[in-house]
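Here the structure is laid out as structure tokens; the discussion comes afterwards.
Structure representation (structure tokens):
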């Protein structure tokens with residue numbers, strides 16, 4: 112079984128230890144919500160899971176592949192605080208680039224994904240001209256395209272309207288029903304099924 | 002991508018042209034003086050205009066989070082950086098090479114010197130982009146880092162400057178310049194081999 116195994120992780124920022132000896136396992140179909148006060152290390156944990164920062168000690172493996180390995184990096188899809196869109200590119204180019212960086216080469220799916228989030232007419236609109244919520248939607252559209260099994264979403268519900276939140280929740284549910292995993296941080300209570308909460 | 006934002010590459014080029022055309026006004030319009038200082042002037046301005054353009058190399062990608070996505074991508078970060086650096090050279094180094102004969106003529110260099118000047122630029126502007134990428138990746142995420150970038154990169158540019166300008170001025174006296182050209186080629190090869198890896202490591206550290 113492919114499980115995400117987090118073993119004995121600790122993280123320090125400046126002089127503050129954020130968490131210590133953090134271990135958990137996640138099986139396919141499970142959703143993990145990381146909760147905690149501001150500055151408790153939610154984003155830092157996601158960054159360690161995404162392979163951006165190494166953490167002070169401990170390790171993370173999925174299918175026995177450690178973070179940083181090509182297999183692990185192609186299994187994850189990470190969305191951070193920043194929109195990850197270049198203002199000089201239009202939506203379709205941005206989405207193409209984002210999903211290709213993630214290891215997927217799927218041109219037609221990108222069109223469908225933009226239609227799915229209701230931004231079909233914005234295909235050739237420069238990202239610079241989009242509102243914060245629309246940018247979020249474009250980035251989240253990448254979730255329709257990516258084949259990654261583990262979704263790491265940092266505050267995915269920010270700037271989204273009620274409809275957007277609902278459709279994202281549906282998307283996460285479908286992903287997990289198909290055997291995917293999702294780890295997200297949010298301050299909002301959510302009604303997702305199969306949800307576990309990890310308090311930092 | 003930079004083509005969509007023309008100011009990012011036109012500014013350094015305009016700087017190159019304007020700075021060079023100021024020298025005859027400031028020093029002397031005399032043919033002899035100008036052809037003496039010509040190679041040096043063109044090379045120094047070329048270096049400074051490359052330096053001007055370096056800030057934009059990773060800065061925007063860092064600001065909007067695309068760099069994060071590049072770092073966690075399963076593809077090789079060094080190769081992606083090499084592509085980025087090549088694009089940077091195509092938009093700064095290459096136009097400078099193409100403009101240099103014009104600037105050379107404005108400073109009364111003879112045809113042979115202009116030819117050598119273009120040769121040194123062709124050999125060395127890629128190194129400028131490559132070495133500059135190391136500097137740019139080290140300062141990514143630091144605010145108001147222009148000064149720091151110059152302090153980091155200019156010392157590394159100095160050998161290139163010395164060999165390139167001495168090649169052109171020796172050629173003006175019909176002396177052999179193969180030594181200088183070999184040195185420039187060596188610098189290019191070394192920076193080509195190391196720069197993408199070093200920049201990749203530096204970027205990963207700045208994103209942690």
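Residue numbers (this note's numbering), protein chains in the order written: chain A, 112 to 311; chain B, 2 to 209.
Don't be surprised by glycine CBs; every beta carbon is placed ideally from N, CA and C.
- Closest in C-alpha terms to residue 120/B, from the list 9/B, 73/B, 206/B, 94/B, comes 94/B.
- Three or more Cβ pairs closer than 8 angstroms define a contact, and the stretch 156-163 of chain A meets that threshold against the stretch 114-122 of chain A.
- Spanning the alpha carbons of residue 151/B and residue 81/B requires a straight line of approximately 24 angstroms.
- Residue pairing by DSSP places residue 136/A opposite 116/A in a beta bridge.
- The shortest CA-to-CA distance from residue 104/B to any of 168/B, 206/B, 207/B, 47/B is the one to 47/B.
- Note: residue 296/A is bridge-paired with 145/A, 265/A in the DSSP secondary-structure output.
- Nearest CB-CB separation between residue 125/A and chain B: not below the 7 angstroms threshold.
- Interface residue (Cβ-Cβ distance to chain A less than 7 angstroms): residue 73/B is classified as such.
- Pairing residue 161/A with residue 263/A gives a Cβ-Cβ distance under 7 angstroms.
- Beta-bridge analysis with DSSP links residue 168/A to 121/A.
- When the five nearest sequence neighbours on each side are left out, the beta carbons in the same chain lying within less than 8 angstroms of the beta carbon of residue 244/A are those of 270, 271, 272, 275, in order along the chain.
- Beta bridge pairing from DSSP links residue 201/A with 237/A.
- Residue burial annotation: residue 288/A is exposed, with fewer than 16 other C-beta atoms found within 10 angstroms of its C-beta.
- Taking the CA atoms as reference points, residue 70/B sits about 33 angstroms from residue 123/B.
- Nearest CB-CB separation between residue 12/B and chain A: not below the 7 angstroms threshold.
- For the C-beta of residue 161/A, the chain B residues within less than 7 angstroms are, from N- to C-terminus, 73.
- By the C-beta density criterion, residue 255/A is buried, having at least 16 other C-beta atoms within 10 angstroms.
- In the displayed model, residue 76/B falls within coil according to three-state DSSP, outside both helix and strand.
- For residue 195/A, the closest Cβ of chain B is nearer than 7 angstroms.
- For residue 172/B, the enclosing alpha helix (DSSP H) covers residues 147-173.
- At least 7 angstroms separates the beta-carbon of residue 101/B from that of residue 203/B.
- In this structure, the beta-carbon distance from residue 214/A to residue 180/A does not fall below 7 angstroms.
- Comparing C-alpha distances from residue 246/A to each of 306/A, 115/A, 209/A, 187/A shows the shortest one belongs to 209/A.
- The Cβ-Cβ distance between residue 189/B and residue 128/B falls below 7 angstroms.
- Within chain B, the C-beta atoms nearer than 8 angstroms to that of residue 189/A come from 69, 70, 73, in chain order.
- Nearest to residue 286/A by alpha-carbon distance, out of 188/A, 203/A, 152/A, 299/A, is 188/A.
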